[in-house]
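Participant: Quick note, the sequences are listed as chains Z and A, same order.
Here our numbering runs 4 ahead of the position in the first sequence, where the first position is 1.
Here our numbering runs 997 ahead of the position in the second sequence, where the first position is 1.
Take a look at the following structure, please.
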Amino acid sequence: MQEYIREKILPRVEKPSRYLGTEWNSVHKDWDQTPVRMAFAFPDLYEVGMSHLGLAILYGVVNEKENMLMERAFAPAPDLEAILRSEGLPLFSLESHRSLGEFDLIGFTLQYELSYTTVLHMLDLAGIPLLAAERCSDHPLVIGGGPCACNPEPLAPFFDCFVLGDGEEVLPALLEIVAELKDSPASRIDRAEFLRRAALLPGVYVPSFYEVDYRQDGTVAEIRPIRPEAPPRVRKAVVDDLDRVYFPTQPIVPYLEVVHDRIMLEVMRGCTRGCRFCQAGAIYRPVRERDVEVLLRQAAELVRHTGYEEISLTSLSTADYSCIEALARSLAEAYAPGGIAVSLPSLRVDAFSVRLAQALQQFRKKSTLTFAPEAGSQRLRDVINKGVTAEDLLSATGEAFAAGWHHIKLYFMIGLPTETAEDLEGIEGLARQVLEQGRRLSKGKRPTVTVSISSFVPKPHTPFQWEPQAGLEELKEKQRFLRSRLKGPGLRFSWHQPEMSFLEAVLARGDRRLAAALLEAWRSGAKLEGWSEHFRYELWEKVWEDTGLDPAFYAYRRRDYDERLPWDHLDFGVTKRFLQQEHRRALAGEITRDCRSGRCAACGVCPGLNVGLQLKGEGRFAAAD
Amino acid sequence: MRLRIKFAKLGEGRFLSHLEVMRAFQRAVRRAGLPLALSQGFNPHPRLSFGPALAVGLESEAEYLDLELAEAVEVREVGRALSSQLPPGLEVLTLRALSPGEPTLGEAVRCAAYRVEVEGLPPAELRQGVDALLASEKAVVTRRTKDGAKEVDIRPGLYRLEVEGDAILHMLLACGPQGTVRPEEVVKALDPRLNVRHARRTGLYTGCDGKSAVPLD
């Protein structure tokens, strides 16, 4: 098949380098000699998937094992899909151009809810039955991981198991079970035995080992383990020491320009800011920092092995990394003379971050600096625990204008709990204040302020998991209001399709019954739905009609604290008690301090997961504090 | 020190776009640990300049790039270091140091030779088509550009066209500031039934008078 794909298929597609599989540092292992074979499937296009650090980590850690190999697969672009369909060819892996069906295991990363239909699309293109119950020993096991595995219930019938939490230690252990169960590289394994053993590993959730009962009103009555191996609650896997865990220093260097086309140096995992809308902030706890020495060593190897011209200091909130100044200074000293830039993926809303960015001379070609105040009034920012004031924002933007930037982008959410007209007016007010400031400070330039609006989506494992999402009409009305207010010279406005946020809200807090809707949507042609040009909401309206499922039940319903939530059996460390307390504090407008300050907010993660907060330097807390 | 590197883009290398080849070299020269001369300014980058672009799908046994180094290094050493860092499909063929004042690739290149395997016409008709095209004074094809389609006369830029065997064409085409003719345009002008099976650039030249062409190396 490799020969055929190279000679007959690739010459016909628009960007063959997406499927070539021979990029620098790609790993090509001997198929026949390697007993455990896994495909990492990213349910989106190559350029999105190759920007994902998790792929690089797992690809590296698995391929380092002598008895295991991992190859990559991505959703095909429409041109390749048409060729595969017309020729009856299966979706293939990049390295050996083999059908995904030949692997022992296919692992999908679940980064966002709107990729779920693409998961089904890829399984179908590979000729693999979508439902786990319909697969037999001839088929690969299908596993999932990534942030959406924190409530994978809508996908439960399609997957054999999920990995919750940090994957780099669990996945090799899971693959070791495959190795033990294989008589020879060519043989298939006993699926039931695999799942039985897998369920005993930390962080592994086997959905078919649980039964869900529903009440008359449609809510979950009970989630019952039905097998002795299945724990009542599955606790996420957590890496306790980032300095000792594997980190890839020979990642693949794509030919094609991908979304994040640079070295990603992970300085820490987790974020303790505690923004109440943020799921990542909840499920990646606790904060674990890497040592500066370790990072410098990794950076040196990465530079040598990739030839990239930029090092991005990656994490959920890099300016919070306690040794950020020392690290940034050392990296800049080592690499700036060679023309290798050091950059921050996002900026915290304060002057410190801007000074840091300026010191790194980053965004040298990019003329826009982006900040995320998230809400327009102090009251609402306190509700979401954003911990940012108007003064913080203005000191950040003031610093930016003075340093020569004159385009500022501000991210806000609409539809947040308790939001009123004043909060929306506050968005306009902040934007105009920043613009006025820009006009004063950036001489001879015409500053612009872009307001980018997204719709709030309540997510599992956050204090807002009980909250209803704002209705579609309400969101559209609020967008219209802001659009009409944010007019005039220097002001720009951009927004997302609220229908996408609505579907995201339905799937994020969905239960197993939504699998029927996903199936139906996939049958009607849904795929690559994270791309607005591929997203067709009409299709979903018909799905609700045909399946009799009510999306409002999932998106718009306020849950009681004592309701059994579909993800209650999945333990990410943050206790429900803490989330309830945070929810109450939110509604009361009370903020909760970052636990870096030394004050434990008792979220439950450290005792629950038997790990601790790991800071490497003196806590450089928010300049605003 | 300026170096001229001649490289091949064969096999899977043909699937790379010009931009992708440039990126692959930029990263390879960094990995090779060469003492790169960096451009001045806020965003210093290695000084690499490439010859004329080659479309996705075409092979080449004669691509060029000029590389500037901050200090003198033995040419053979550069070749060895760079070769070990190139992905499959890209291969260094020869290197030489440029003397000061030698024209850049953009200034030097005037025409390009191609070997094109075609299908879709019986050999006799192919020969007749070639004779007819060479005898004509004009050959207008439609060229799609980012501003839309436009009609171009490729005849003045078609310097040589020969048939080898039953289905192989050798072409010498204009390639430079005076205009560029693409091999697939010649095929299109020959006969609409004709398809390119395989195409390879075989040389770049500094001067073309229809008879003699001076290779760049």
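Beta carbons are placed, not taken as given, at the ideal position from N, Cα and C, and that holds for glycine.
Note that the structure is predicted; figures quoted are calculated from it, not measured.
Confirm, please, whether the CB-CB distance from residue 272(Z) to residue 3(Z) is below 8 Å.
Facilitator: The shown model of chain Z, from 5 to 629, leaves out residue 3(Z), and the question about it has no answer.
Participant: Who are the neighbours of residue 337(Z) on chain A, taking C-beta pairs under 7 Å?
Facilitator: Going along chain A, no residue has its Cβ under 7 Å from residue 337(Z), so there is no contact; the nearest lies around 15 Å.
Participant: To the nearest angstrom, how far is it from the Cα of residue 615(Z) to the Cα of residue 541(Z)?
Facilitator: 43 Å
Participant: Pull up the distance between the alpha-carbon of residue 383(Z) and that of residue 249(Z), whole angstroms please.
Facilitator: 41 Å
Participant: Would you mind telling me which residues of chain A sit closer than 9 Å to residue 21(Z), beta carbon to beta carbon, in chain order?
Facilitator: 1012, 1013, 1014, 1017 and 1053
Participant: What residues of chain Z sit near residue 1084(A), judged by a beta carbon separation below 7 Å?
Facilitator: Those are 26, 27 and 28, listed as they occur along chain Z.
Participant: Take residue 358(Z) and list the residues in its own chain whose beta-carbon comes closer than 6 Å to its own, dropping the five residues that flank it on each side.
Facilitator: 400, 403 and 404
Participant: Excluding sequence positions up to five away, which residues of its chain have a Cβ less than 6 Å from the Cβ of residue 169(Z)?
Facilitator: Once the five neighbours on either side are set aside, the close Cβ partners of residue 169(Z) are 207, 240, 241 and 242.
Participant: If you follow the alpha helix (DSSP H) that residue 436(Z) is in, where does it begin and where does it stop?
Facilitator: Segment 425–445, the alpha helix (DSSP H) holding residue 436(Z).
Participant: What's the call for residue 50(Z), buried or exposed, on a 16-neighbour Cβ count within 10 Å?
Facilitator: buried
Participant: Could you run through the region 376–402 of chain Z and flag, in chain order, every residue whose CB is less than 8 Å away from some CB of chain A?
Facilitator: none
Participant: Please go through the region 999–1030 of chain A and give each complete alpha helix (DSSP H) segment of 4 or more residues, from N-terminal end onward.
Facilitator: 1015–1028
Participant: Can you tell me whether residue 278(Z) is helix, strand or coil according to DSSP?
Facilitator: Coil, per DSSP.
Participant: Could I get the ranges of all uninterrupted alpha helix (DSSP H) runs contained in the region 14–94 of chain Z, with 4 residues as the minimum, in chain order?
Facilitator: 50–53, 57–67 and 82–91
Participant: Which residue or residues does DSSP assign as beta-bridge partners of residue 1147(A)?
Facilitator: Residue 1147(A) pairs with 1140(A).
Participant: Quick check on the DSSP output: what are the complete alpha helix (DSSP H) runs of length 4 or more inside the region 461–538 of chain Z, in order along the chain?
Facilitator: 476–489, 502–512 and 519–527
Participant: Cβ atoms of residue 105(Z) and residue 131(Z): under 8 Å apart, would you say?
Facilitator: yes
Participant: Helix, strand or coil for residue 96(Z), going by three-state DSSP, please let me know.
Facilitator: strand
Participant: Is the region 429–439 of chain Z in contact with the region 403–419 of chain Z, if contact means three or more CB pairs nearer than 8 Å?
Facilitator: With the cut-off at 8 Å, the region 429–439 of chain Z and the region 403–419 of chain Z touch.
Participant: With a threshold of 7 Å (Cβ to nearest heavy atom), would residue 1120(A) be considered close to the ligand ATP?
Facilitator: Judged by which ligands are present, the structure shown has none, so any question about the ligand ATP falls away.
Participant: Taking DSSP as the reference, what is the three-state secondary structure of residue 112(Z)?
Facilitator: strand
Participant: Suppose contacts are defined by Cβ-Cβ distances below 8 Å. Is residue 463(Z) in contact with residue 512(Z) by that definition?
Facilitator: yes
Participant: Establish whether the CB of residue 262(Z) and some CB of chain A are separated by less than 8 Å.
Facilitator: no
Participant: Does residue 1035(A) get closer than 8 Å to chain Z when you measure Cβ to Cβ?
Facilitator: yes
Participant: Hey, does residue 616(Z) have any beta-carbon neighbour from chain A nearer than 8 Å?
Facilitator: No, its Cβ sits nowhere closer than 8 Å to a Cβ of chain A.
Participant: What are the uninterrupted segments assigned as alpha helix (DSSP H) that are 4 or more residues long and contained completely in the region 1112–1140 of chain A, given in chain order?
Facilitator: 1120–1132
Participant: Starting from the beta carbon of residue 1218(A), find every residue of chain Z whose beta carbon is closer than 8 Å, and list them in chain order.
Facilitator: Past the edges of chain A, shown from 998 to 1214, lies residue 1218(A), and the structure says nothing about it.
Participant: Helix, strand or coil: how does DSSP classify residue 618(Z) here?
Facilitator: strand
Participant: For residue 395(Z), is the classification buried or exposed, using 16 other Cβ atoms within 10 angstroms of its Cβ as the cut-off for buried?
Facilitator: With fewer than 16 Cβ atoms within 10 Å of its Cβ, residue 395(Z) is classed as exposed.
Participant: Does the distance from the C-beta atom of residue 81(Z) to that of residue 47(Z) stay below 8 Å?
Facilitator: no
Participant: Helix, strand or coil for residue 346(Z)? Go by DSSP, reduced to three states.
Facilitator: strand
Participant: Distance check for residue 1009(A) and residue 10(Z), CA to CA, integer angstroms please.
Facilitator: So the two alpha carbons sit approximately 8 Å from each other.
Participant: Residue 124(Z): buried (16+ other C-beta within 10 angstroms of its C-beta) or exposed?
Facilitator: buried
Participant: Indicate whether the contact test is met: 3 or more Cβ pairs, each with one atom in the region 56–72 of chain Z and one in the region 31–48 of chain Z, closer than 8 Å.
Facilitator: yes
Participant: Would you list the residues sitting across from residue 1160(A) in a DSSP beta bridge?
Facilitator: 1166(A)
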